[in-house]
Amino acid sequence: MTAIGIMGGTFDPIHYGHLRAAEEVRQGFGLERVIFVPSGRPPHKPAEEVTAPEHRYVMTLLATADNPYFEVSRMEIDREGPSYTLDSLREFRRIYSPETALYFITGLDAVLGITSWNGYMELFDLADFIAVTRPGYSVQALSALGVYLGEDRFAKIHPFPVTLLAISSRDIRKRVREGKSTKYLVPDPVMKYIEKEGLYRRDADRRAVRPAGPDIMA
Ligand code: NAP
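Each residue of the sequence shown is one higher than the one before, starting from 28 at the first, in the working numbering.
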């Protein structure tokens, strides 16, 4: 059976923690490929706190371009309204045959909130969930979810420890705001894009986006 990973995240910005996690999950679960899905309009975050979707999409493309097993989907960027994982998984299910197993990959801390996601019970009919463990989050915290989800659904959540890189998007945004280097935290092309577009310097800059043009990769 073919298995595909769907790496969901706000990716504001994408960093080596995300990339290394995706690579280790791909190998650990024998995934044919991992499709990164930047959240268009994260339903659980105030819009003014999230960088324009197009910027996050371009950074995700730049970060994954050198890995033949990684792809990026615009699905949630192009879909109108809040980016519910349920809608995305339904769309992936329409694209792939039932013989293809889908694994939604995200941070353990994000999975801990899954019972607040739109239509969370149905999510488990569509995919399995890989909860990547990060420093500071205990796998034991997951066990409380079993009570809400029931045994069968809970069995579809797979905690997966990856090399612990204590990198976070929030910390990277703070470093940029304070004029500190982000080298070796994010891939160089992402760092250069952040500099070129002036992202994360001031809140007002973060939401502004130029139309994507041919110079976007320069
Ligand atoms: P978040 O709340 O910003 O992230 C929670 C934590 O998980 C952060 O520490 C984040 O680290 C980490 N994280 C996020 N994605 C990760 C990934 N792919 N690999 C490793 N760590 C990751 O969560 P989010 O990024 O906005 O959401 C994660 C996914 O859950 C997205 O696909 C989102 O659409 C989905 N989601 C859906 C619903 C819904 O359908 N209602 C609600 C909530 C979330 P960084 O900050 O360093 O990334």
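Even for Gly, the Cβ is constructed at its ideal location relative to N, Cα and C.
Just so it is clear, the structure is predicted and the values come from calculations on it, not from any experiment.
- DSSP places Arg-60 within a strand segment (E or B) once states are collapsed to three.
- No Cβ-Cβ contact shorter than 8 angstroms links Thr-142 with Gly-35.
- Bounds of any alpha helix (DSSP H) do not take in Thr-127, whose DSSP letter is neither H nor E.
- When distances are taken from the beta-carbon of Ala-90 to the heavy atoms of the ligand NAP, even the shortest one reaches 7 angstroms or more.
- Per DSSP, Phe-119 has no beta-bridge partner at all.
- Secondary-structure assignment with DSSP links Met-34 through a beta bridge to Phe-63, Ile-132.
- Cβ-Cβ separation between Glu-103 and Gly-146: approximately 16 angstroms, too far for a contact (criterion under 8 angstroms).
- Set against 7 angstroms, the gap from the CB of His-82 to the closest heavy atom of the ligand NAP is not smaller.
- For Ile-184, no alpha helix (DSSP H) encloses it; the enclosing beta strand (DSSP E) starts and ends at 184-188.
- Taking a C-beta distance under 8 angstroms as the contact criterion, Gly-32 and Ile-62 qualify as a contact pair.
- Closer than 7 angstroms to some heavy atom of the ligand NAP: that does not describe the Cβ of Arg-200.
- Three or more beta-carbon pairs drawn from the region 35-49 and the region 74-93 are found closer than 8 angstroms, and the two stretches are therefore classed as touching.
- C-alpha of Val-64 to C-alpha of Ser-170: approximately 27 angstroms in a straight line.
- Leaving aside the five residues that flank Phe-97 on each side, the residues in its chain whose CB is nearer than 6 angstroms to its CB run, in chain order, Val-61, Thr-91.
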